[in-house]
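Note sheet for the following structure.
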Amino acid sequence: MNTLFLQGRARLILFAVCGAFVAFAVSLQDTTFSNYIDVTYHISDVMRGWTELPREFPGFFMVLLAFSLFYAFGDIRLAVIANFIAAIGIIGMGFYSHNYLVFLGFTFLMQTGVHVYMPLTSSIAVTLSGGKNPGTLLGQLQGVSTMASFCAFIFIFFGFRYFHVSYQLTYLLAAISFAIAGLLFILMLNKQIPKTKSRLLLRKRYALFYWLNILYGARKQVFLTFAPWVLIKVYHQHIEVFAILGIVGAAVGMFFKPFLGRMIDKLGERFILAAEAVVLVIICVGYAFAQRLFSNQIALVLVFACYIIDQMLMGVSMARVTYLKKIALEPEDISPTVAMGISIDHIVSMTIPIGAGLLWYSLGYEAVFIAAALIAVVNFFSALKIRDIHQNVVG
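Here our numbering is used: position 260 in the sequence shown is 326, and no number is missing along the way.
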């Protein structure tokens, strides 16, 4: 791992600022993605599922490649490279995608940058925590990133509603934000970069961590792909609505995620992950049956609530990282194990949307969320297998 050029609180602040720029860029892209492809390419429900293949394949393949590069270049330098790749990809998505296949190619490039960056954030943050209350620090960093997402949602709402902002301008702004993050990471570089023997970790000791990542990949992809699609296709909502939902979710998340981080340190990963699974079952039922049980107006409000609560629950991913830190044999295991977990998670992320799209086409959208509820039940019992660990094994 790189020896950071800045020290103490200064490097924490700079890392938080970098994370904020990345979160701003990702939020601009993620919030507009489903509406953009619906308006621009008019794809079917089945094709919407297939669209996730090039979006998620980088998480499987490129993370594996990234960790060969990680041990050659260090995590900070790799973060620089990843953000510049994401910037180039999103420029292509907005300005050079004259047909859907080209768009998918640039989407793959952008997601390669994002997915290479993903495992680096946790490893850098856990290292910066110095072994003290990593959940609290991760919560604080996510709170800062959520604040940046809040700004992105504000831009989308007012820009699209009142100033006729285009998708191209939105993607240009995201690219600039990725590039700024890359430049700021350069300030964290040290000229001397230690090189470590390349390795990827797949250890029996971390089997439960890998399994929790598989379940997270399934849960995540159902909601990232088909929760917005339900609002677009079933409830006929436009991009401004997603911006409002993002604003509300981010406003709550700025306070909720730091609180969640403290609760992970206080109550333990077992309790937090099990509680998340219970709430997810309720959310799935809401998505699946709100329209059948209530009037359209009440159903829409309930689905909005499900969408916002699900945004909050994405922060629970911190608990898996802090759990890994507690069971890791040595600090150097954390980064490659997180990367392996993300790679395994993305095997599921590539396949679940395709199956879910076919399920939607064959049986309706309700079947997709019934299946997601069953995944949440499995997640609940899996979380109960976590042993309570009151002291960190490493750090």
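Cβ atoms here follow ideal geometry from the backbone N, Cα and C, with glycine treated the same way.
These numbers were taken from a predicted model, which means no experiment stands behind them.
If only complete runs of 4 or more residues are kept, the segment 290–343 shows the alpha helix (DSSP H) at 305–333, in order along the chain. Only residues of its own chain outside the window of five on either side were considered, and among them C350 and A354 have a CB closer than 8 Å to the CB of I436, listed in chain order. Remark: fewer than three beta-carbon pairs, one from each stretch, lie closer than 8 Å, so the segment 357–375 and the segment 393–409 are not flagged as touching.
In the three-state DSSP reduction, N165 falls in the coil class, being neither helix nor strand.
Between the segment 78–97 and the segment 231–241, the count of C-beta pairs closer than 8 Å reaches three or more; the two stretches touch.
A437 sits in a helix when the DSSP states are folded into three classes.
The segment 104–120 makes no contact with the segment 137–156: fewer than 3 CB pairs, one atom from each, lie closer than 8 Å. Out of I154, R453 and I338, the CA that lies nearest to the CA of M378 is found in I338. K323 is classed as buried because its beta carbon has at least 16 other beta carbons within 10 Å across all chains shown. About 6 Å separates the beta carbon of L268 from that of M406, a gap short enough to meet the 8 Å contact definition. The Cβ neighbour count for K286, taken over all protein chains shown within 10 Å, is at least 16; the residue is labelled buried.
One Cα belongs to T212, the other to V404, and the distance between them is close to 22 Å.
Counting along the chain, the unbroken alpha helix (DSSP H) around P419 starts and ends at I400 to L429.
Rounded to the nearest angstrom, the gap between the Cα atoms of Q206 and G315 is 16 Å. Between the alpha carbons of F161 and V168 lies a gap of roughly 11 Å. About 18 Å separates the CB atoms of F90 and S232; that is not less than 8 Å, and the two are not in contact. Secondary structure at G171: helix, using DSSP grouped into helix, strand and coil.
Collapsing the DSSP output to three states places I109 in coil. Shown here for R453: same chain residues with a beta carbon closer than 8 Å to its own, the five before and five after excluded, namely R336 in chain order. Collapsing the DSSP output to three states places H230 in coil. Counting along the chain, A385 sits inside the alpha helix (DSSP H) bounded by residues S383 to I393. Under the DSSP assignment, F360 falls outside any alpha helix (DSSP H); it carries neither an H nor an E label. In this structure, G248 places its C-beta atom within 9 Å of the C-beta atom of F150.
In this structure, F325 is the residue among C84, P402, G140 and F325 with its C-alpha nearest to the C-alpha of N199.
Cβ neighbours of A148 within its own chain (closer than 6 Å, five residues either side excluded): G179, V182 and Y183. By the criterion of a C-beta distance shorter than 6 Å, L194 is surrounded in its chain by L78, once the five residues flanking it on both sides are discounted. For P419, the closest alpha carbon among the candidates T291, R271, D399 and W277 is that of T291. Pairing L450 with R328, the inter-Cα distance amounts to about 20 Å.
Distance from the CA of I364 to the CA of V387, rounded to the nearest whole angstrom, comes to 37 Å.
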